[in-house]
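This report concerns only the one structure given below.
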Amino acid sequence: MNLKQLIMERKITIAIVCVVLFALILIPIPSQITLPGRVIPMREWVFVASGNGSHESLGIDNRTNQKQDQKYFIPQRGELFSFIQAAQGLREGSVEKGDTLGIMHSSAYEERLLSLTGSLQELNASLEFLRSGSRETVIAAARSRVDYARARHAEQVKETNRAQGLLNSAIISQQEYDQEARQERLDAIKVSIAESDLGSALSGAQSSELKVIQARINEKEAQIGLTQELMNQMVLTAPFQGHLSFPYNRDTLMTVSDMDSMVIYVPVNSSLSESMDLIKQVTAESATQSLDIELDQVTRLDQLVEGGGAEFNLYRIVFENQTPGFPSGKMINVKFGIKARTGLSMIQSLLGI
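Reading the sequence shown from the start, the letters are residues 20 to 372 in my numbering.
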């Protein structure tokens, strides 16, 4: 090979390198990025021991990161407050909506219900007694008081008449006569009172008395209904069909997860997410399976989280879980297809130009 041929080959090589470099710099290159993401159920229900004997149940919507249907079970001073599972040996697995998981037992509510029930029974008995009229002994006593009042009045009438004759004969003074007459009028009033009492005894209680008793009965029934409703709220049931689990956590006693729909949260470095322009599908991969996800299932959240001194944007992916599905709480790889970029744009991005 002479010098002329060698120079020609080098020129060709340089030309090829220049063409390749030109292509790398100016021709868009398809790109893909793989990031870690965490899979969680779209809906969860959690029952937690909050400390000091209190408990809390709440629903969590992981799609919107909102807490729903929070209930607090706080014991009163001096009461026995305990959690009882619905069945001995309740195990992890599938549960249906409405399945009973456990009961919160409150001695204070039990005592209140017993007291209110006893008071209601007593009021109902009183109402029945008043509606049916007084007993024969009460009626007999009322009759005796009428007879006594009439007899006493009759005797006083005689005394008043005798005093009238004495007054006419000027044997007694007008004052002495007035005293006898006044006593006769008082005895007549006592006769009227005794006869009224006898009438009440024969006819039973007045309507106003019955209304008072009925009002108290209605109040007790309302209090019993409210207490029973509170006790019903202390029965823990599965809010939806899902998977029951008992996490290895002292505070979290049980969890029900909706495994049909899942959410993947992917943190993306804010410097990268600003320039990420997603295309085609997103692929979620675990050690055993892979799932293609459409772009309309991917949402970038206007939320920054910090980690390792850097800021990250969150991407949320909602999808229907397949069978076998992605396990809850696991970290998986999420592959994002992004728009093709030239080598020049990549260099400019790295240099911050």
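C-beta atoms are modelled at their ideal positions from N, C-alpha and C, and glycine is treated no differently.
DSSP-derived helix/strand/coil call for residue i
i: Ile52; result: strand
i: Ser109; result: Sequence inspection shows Leu at residue 109; the Ser mentioned does not correspond to that position. Three-state DSSP puts Leu109 in coil, outside helix and strand.
i: Asp270; result: coil
i: Gly137; result: helix
i: Lys86; result: strand
i: Ser215; result: helix
i: Thr302; result: strand
i: Thr318; result: strand
i: Glu248; result: helix
i: Arg96; result: coil
i: Gly3; result: Look at the range of the chain in this structure, 20 to 372, and you will see that residue 3 is not part of it.
i: Lys356; result: Position check: residue 356 holds Gly in this sequence, whereas Lys was assumed. Three-state result, Gly356: strand.
i: Gly78; result: strand
i: Met253; result: coil
i: Phe148; result: helix
i: Ile59; result: strand
i: Asp311; result: strand
i: Ile336; result: strand
i: Glu115; result: coil
i: Asn288; result: strand
i: Phe121; result: Reading off the sequence, residue 121 comes out as Gly, not Phe. Strand.
i: Ala189; result: coil
Buried versus exposed, by CB contacts within 10 Å (16 or more), residue i
i: Asn71; result: exposed
i: Tyr413; result: This structure cannot settle anything about residue 413, because the visible part of the chain is limited to 20 through 372.
i: Thr274; result: buried
i: Glu203; result: buried
i: Ser69; result: exposed
i: Asp277; result: buried
i: Glu174; result: exposed
i: Leu217; result: buried
i: Ser125; result: buried
i: Met27; result: exposed
i: Leu205; result: exposed
i: Ile103; result: exposed
i: Ile79; result: buried
i: Leu374; result: Absent from the model: residue 374. The displayed extent of the chain is 20 to 372, so no value can be given.
Residues near residue i by beta carbon distance below 8 Å, same chain, minus five either side
i: Leu320; result: Asn332, Leu333, Tyr334 and Arg335
i: Leu249; result: Tyr128
i: Gln87; result: Leu77, Gly78, Ile79 and Asp80
i: Arg164; result: Ala213, Asp216 and Leu217
i: Leu229; result: Leu146, Leu149 and Arg150
Pick from the options that is closest to residue i, judged by C-alpha positions
i: Met281; options: Phe355, Ser347, Arg201 and Arg269; result: Ser347
i: Val254; options: Ile122, Gln183 and Leu185; result: Ile122
i: Gln85; options: Glu75, Glu98, Phe92 and Glu63; result: Glu63
i: Arg82; options: Lys354, Gly344 and Phe338; result: Phe338
i: Leu133; options: Asp277, Thr246, Gln341 and Leu310; result: Thr246
i: Leu323; options: Asp277, Tyr284 and Arg110; result: Tyr284
i: Arg181; options: Glu75, Phe100, Lys354 and Glu199; result: Glu199
i: Val67; options: Ser309, Met61 and Glu75; result: Glu75
i: Ala349; options: Gln51, Thr32 and Pro60; result: One point to set straight first is that residue 349 is Lys, not Ala, in the sequence displayed. Comparing Cα-Cα distances from Lys349 to each of Gln51, Thr32 and Pro60, the minimum goes to Pro60.
i: Asp279; options: Ser113, Asp88, Leu109 and Gln89; result: Ser113
i: Ser73; options: Ser101, Thr136, Gln308 and Ser188; result: Ser101
i: Ala329; options: Leu229, Leu272 and Asn288; result: Asn288
i: Glu401; options: Asp315, Tyr267, Leu310 and Asp311; result: With the chain covering 20 to 372 only, the question about residue 401 has no answer from this structure.
i: Leu272; options: Val176, Val65, Arg29 and Asn251; result: Val65
i: Thr136; options: Gln242, Lys90, Glu228 and Asp166; result: Gln242
i: Ile93; options: Ser138, Asp166 and Gln252; result: Gln252
Beta-carbon proximity list for residue i, same chain, < 6 Å, skipping 5 on both sides
i: Ala207; result: His172
i: Ala168; result: Lys209, Val210 and Ala213
i: Ala161; result: Asp216, Leu217 and Ala220
i: Asp270; result: Val67 and Ala68
i: Arg57; result: Tyr284 and Met350
i: Glu178; result: Glu199
i: Gln89; result: Leu77
i: Arg256; result: Per the sequence shown, residue 256 should be read as Thr rather than Arg. Within the same chain, Thr256 has close Cβ partners Gly117 and Thr119.
7 Å CB neighbourhood of residue i in its chain, flanking five on each side removed
i: Glu313; result: Gln300
i: Asn352; result: Thr53, Pro55 and Glu304
i: Gln95; result: Ala127
i: Val157; result: Ala220
i: Glu147; result: none
i: Pro317; result: Looking at the sequence itself, residue 317 is Val, so the reference to Pro does not match. Hits under 7 Å: Leu297, Val301, Tyr334 and Ile336.
i: Ile232; result: Leu142, Ser145, Leu146 and Leu149
i: Val176; result: Glu203
Contact test: residue i Cβ vs the ligand PLP heavy atom, cutoff 7 Å
i: Tyr334; result: The ligand PLP is not part of this structure, which contains no ligands at all.
Any C-beta of chain D under 8 Å from that of residue i
i: Arg110; result: No chain D is present in this structure, which holds just one protein chain.
Checklist entry - Is the region 301 to 321 touching the region 257 to 275, taking contact as three or more C-beta pairs under 8 Å? => result no
Item to check | Stretch pair the region 110 to 126 + the region 245 to 260: three plus CB contacts closer than 8 Å | outcome: yes
Next on the checklist: Below 8 Å, how does it come out for the region 189 to 205 and the region 231 to 238: are there three or more Cβ pairs, yes or no?
Outcome noted: no
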